[in-house]
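Just so we're aligned: the sequence shown equals residues 235 to 731 in my numbering. Heads up, the beta-carbon is just placed ideally off N, CA and C, and yes, glycines get one too. Data first, discussion second: the structure below is written as structure tokens.
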Amino acid sequence: MLIHNQLPYPIDAFPLRIQRAAEELAKNVQVTDIIAGTSCLTALSIALSGLVDWRHPLSGQIRPCVLYQAIAAVSGDRKSSAETELCAPFYAHDIEVIEQQDHLDREYKRAYARWAALHKRVLGQYAKLAEAGELAEAEARLAAVEGQEPAKAIAHRLIYNDVTKRSMFEALNIDGKAMALLTDEGQTLLSSTVMRHYGFLNSAWDGKKLLPLDRAEHKHLIVRNPRLTISFMIQPDVLTDFFAKRGKLIHSSGFCARFLFSRSPSIQGCREPKFIESPEHILPFHTRLRELIATYDEMLQAGRVNRDVVEFDEKAQVLWLQIAGQVEFNFQPGQFLHDISDFGNKYMDIVGRIACLLHYFESDTPVTADGVRSRASAGGRISADTLSRAQEIAGWHLNEYKQLFSPPLQRTPEELDADSVYAYLYRAFHLRGIGQVLKNHVRQYCGVRNSARLHSALQILAGRQAIWVTPVLYEGSKKPKETIMLNLQYFSSIPIF
């Protein structure tokens with residue numbers, strides 16, 4: 235299955251330890267680079283969302299690092315096999331936790347029976363003490379016993395495959411609890427009740443501090459500071475059908491814009507049967523995951539989730555401003571983000587999340603359970619190099635979103651003018667090896683003679699990095715003249731036939 239307008243997944247943008255694990259995963263399980271790369275992002279989000287947040291370099295807000303992902307792939311493309319292999323430490327952790335749950339339940343029943351007997355006896359004494367005029371003593375004894383009621387121990391699983399909204403709230407019952415919703419049955423997940431609560435899922439992605447769930451008889455559950463990772467695979471035709479039926483609703487809610495979408499081409503029929511080699515690079519990846527899981531478990535056992543907060547260093551802050559400026563420019567009519575502004579408005583947040591994940595995974599400095607170290611300095615600061623890597627990964631997913639959700643055949647007049655100018659520049663100058671031309675000459679001969687229209691067209695081409703306009707002082711001229719400079723590399727890569 236060939237997917238048009240799709241670049242290779244930027245595996246090289248990952249730090250070396252993650253990159254090697256992804257490459258080995260793709261080789262051993264025989265999956266696409268897209269499935270291998272997105273599986274790495276899922277693993278990072280699960281392992282780190284409960285341990286670290288990041289500070290927005292402009293607003294100063296504390297932001298979560300969780301990711302939502304949706305991968306369109308046909309059945310049999312081994313996404314679940316890849317995720318099972320890469321996320322093995324999470325599944326091993328959950329198996330151990332579930333096995334412990336039976337023991338915890340038995341301990342709770344015995345403890346509760348002892349407490350109930352004591353509580354019954356104190357209640358029996360309450361009336362006698364009250365009749366004797368010792369009401370304060372009766373209240374004190376009852377309060378003391380009720381304060382000793384044993385709490386039911388809950389197994390703190392990391393990964394869930396099928397939940398309702400209520401069961402999700404119950405799983406997130408501890409302040410700062412993190413969990414992941416993973417499935418290769420995307421159709422089942424999309425039709426489930428939990429995926430109908432877009433507001434709740436949006437708030438969880440946003441990192442809202444309080445999420446209430448109202449219940450019957452005026453009872454309600456409150457989740458504090460949750461961290462939720464979502465990753466599901468869905469067949470392309472099912473995804474298309476889902477958006478045809480409910481696309482308008484979920485787009486208007488901003489739900490889609492929070493997802494990293496991927497389309498994985500099928501390689502079935504091209505996979506060579508072979509014995510799987512012993513993993514070499516996945517093992518260090520697993521070791522790091524186990525370290526992070528152990529740190530998170532220690533915090534849960536201590537009853538307090540104390541997440542680190544990482545910041546960007548000075549060079550990274552400068553780069554952030556540059557990227558944010560480019561993003562803002564691309565919201566203009568005719569630019570790349572104009573028709574996908576919903577995702578564009580989340581783009582920098584997503585870049586920040588990925589940068590946080592890459593940085594903290596490589597820092598090897600998990601937060602301690604007692605939170606002794608300075609939160610701001612833990613693990614150092616995010617570098618410009620890490621931010622650049624995160625932008626490359628997020629940029630690939632941005633292009634996927636554009637291909638999936640950009641309205642077809644709705645090109646603006648400005649874009650059509652830009653295409654006409656580009657075609658003229660390509661044929662009249664690039665093919666002749668000429669790299670610059672006077673702007674007035676182009677206006678006279680390119681077919682777009684109106685100055686305002688030409689200006690808009692040139693802005694669009696500049697946004698595509700095809701050209702730039704600069705004043706040049708020519709010999710014999712008293713004043714500089716506006717000159718269009720061609721990006722020859724761009725023109726060579728985008729030919730006109």
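> To which residues does DSSP link Lys715 through a beta bridge?
Replying inline: Val706
>> Can you tell me whether Arg609 is helix, strand or coil according to DSSP?
In response: Any reading at Arg609 must be qualified, since the residue scores a pLDDT of 38, below 50, and its modelled position is unreliable; no value is offered.
> When the distance is taken between beta carbons, is Thr417 closer than 8 Å to Ile280?
Replying inline: no
> Taking the DSSP output, what are the residues bridged to Thr266?
Replying inline: Note: Thr266 sits in no beta bridge, so no partner.
>> Quick check on DSSP: helix, strand or coil for Val308?
In response: Looking at Val308 - three-state DSSP - the assignment turns out to be coil, as it is neither helix nor strand.
>> Taking the beta carbon of Cys504 as the centre, do at least 16 other beta carbons fall within 10 Å, making it buried, or is it exposed?
In response: Classification of Cys504: exposed, given that the 10 Å Cβ count is below 16.
> What is the residue span of the beta strand (DSSP E) that Ala558 lies within?
Replying inline: Unbroken run through Ala558 is the alpha helix (DSSP H), Glu548 to Phe563; no beta strand (DSSP E).
> Quick one: what's got a C-beta closer than 7 Å to Pro634's C-beta in the same chain, skipping five residues either side?
Replying inline: It is Glu, not Pro, that sits at residue 634 in the sequence shown. So the list reads Phe495, Ser496 and Arg497, once near-sequence residues are dropped.
> What's the gap between the Cα of Ala558 and the Cα of Ile728?
Replying inline: 26 Å
>> In the DSSP output, which residue or residues are listed as bridge partners for Ser496?
In response: Ile305
>> Given a cut-off of 8 Å on the beta-carbon distance, is the pair Met719 and Gly681 in contact?
In response: One thing to note: Met719 has its Cβ no nearer than 8 Å to the Cβ of Gly681.
>> Need the endpoints of the alpha helix (DSSP H) that Ala700 sits in, please.
In response: Counting along the chain, Ala700 falls outside any alpha helix (DSSP H), and DSSP gives it neither H nor E.
> Straight-line CA distance for Arg587 to Pro244?
Replying inline: 17 Å
> Can you tell which of Cys590, Ser273, Lys636 and Leu638 has the C-alpha that lies nearest to the C-alpha of Asp619?
Replying inline: Cys590
> With contact counted as at least three CB pairs below 8 Å, one residue from each stretch, are the stretch 287 to 304 and the stretch 268 to 276 in contact?
Replying inline: yes
> Mind checking whether Lys715 and Val706 have CB atoms under 8 Å apart?
Replying inline: yes
> What beta strand (DSSP E) runs, 3 residues minimum, are completely inside the stretch 465 to 541?
Replying inline: 493 to 497
> Under 8 Å between the Cβ atoms of Gln469 and Ser309?
Replying inline: Yes.
> Since Tyr394 and Met413 are thought to touch, with beta carbons under 8 Å apart, how far apart are those beta carbons, to the nearest angstrom?
Replying inline: 6 Å
>> How far does the beta strand (DSSP E) with Gln670 in it extend, from its first residue to its last?
In response: Gln670 to Leu672
> Hey, quick one: how far does the alpha helix (DSSP H) through Leu415 stretch, first residue to last?
Replying inline: Leu415 -> not in any alpha helix (DSSP H); beta strand (DSSP E) instead, spanning Ala412 to Thr417.
>> Once DSSP output is grouped into helix, strand and coil, what is the label at Ile616?
In response: Ile616: strand per DSSP, three-state reduction.
>> According to DSSP, Ile393 sits in a beta bridge with which residue or residues?
In response: Ile393 is bridged by DSSP to Ala414.
>> Under DSSP, the alpha helix (DSSP H) around Arg289 begins and ends at which residues?
In response: Note, Arg289: premise wrong, no alpha helix (DSSP H); beta strand (DSSP E) at Val286 to Arg289.
>> Let me make sure I understand the geometry here. Which of Gln569, Ala624 and Ser617 has the alpha-carbon closest to that of Gln693?
In response: Gln569
>> Output needed for Leu352: all residues of its chain with C-beta closer than 7 Å, excluding positions within five of it in sequence on either side, in chain order.
In response: Val379
>> For a test of the three-state rule: what should DSSP assign to Arg344, helix, strand or coil?
In response: helix
> Where does the unbroken alpha helix (DSSP H) through Ile245 begin, and where does it stop?
Replying inline: No alpha helix (DSSP H) contains Ile245, which DSSP labels as neither H nor E.
>> Let me check one thing: in DSSP terms, what residues is Ile296 bridge-paired to?
In response: Arg289
> Mapping DSSP to helix, strand and coil, what is Val655?
Replying inline: helix
> What do you reckon, are the CB atoms on Met467 and Lys313 nearer than 8 Å?
Replying inline: Yes.
> Which one or two residues does DSSP pair with Thr463 in a beta bridge?
Replying inline: Ala414
> Cα separation between Gln382 and Gly537?
Replying inline: 17 Å
>> If the criterion is Cβ atoms closer than 8 Å, does the pair Ile574 and Ser640 meet it?
In response: yes
> Going by beta carbon distance, what residues of the same chain come within less than 7 Å of Gly605, once the five residues before and after it are set aside?
Replying inline: Model confidence at Gly605 stands at a pLDDT of 47, short of 50, so the residue's coordinates are unreliable and nothing is read from them.
> What is the DSSP secondary structure of Leu621, counted as helix, strand or coil?
Replying inline: helix
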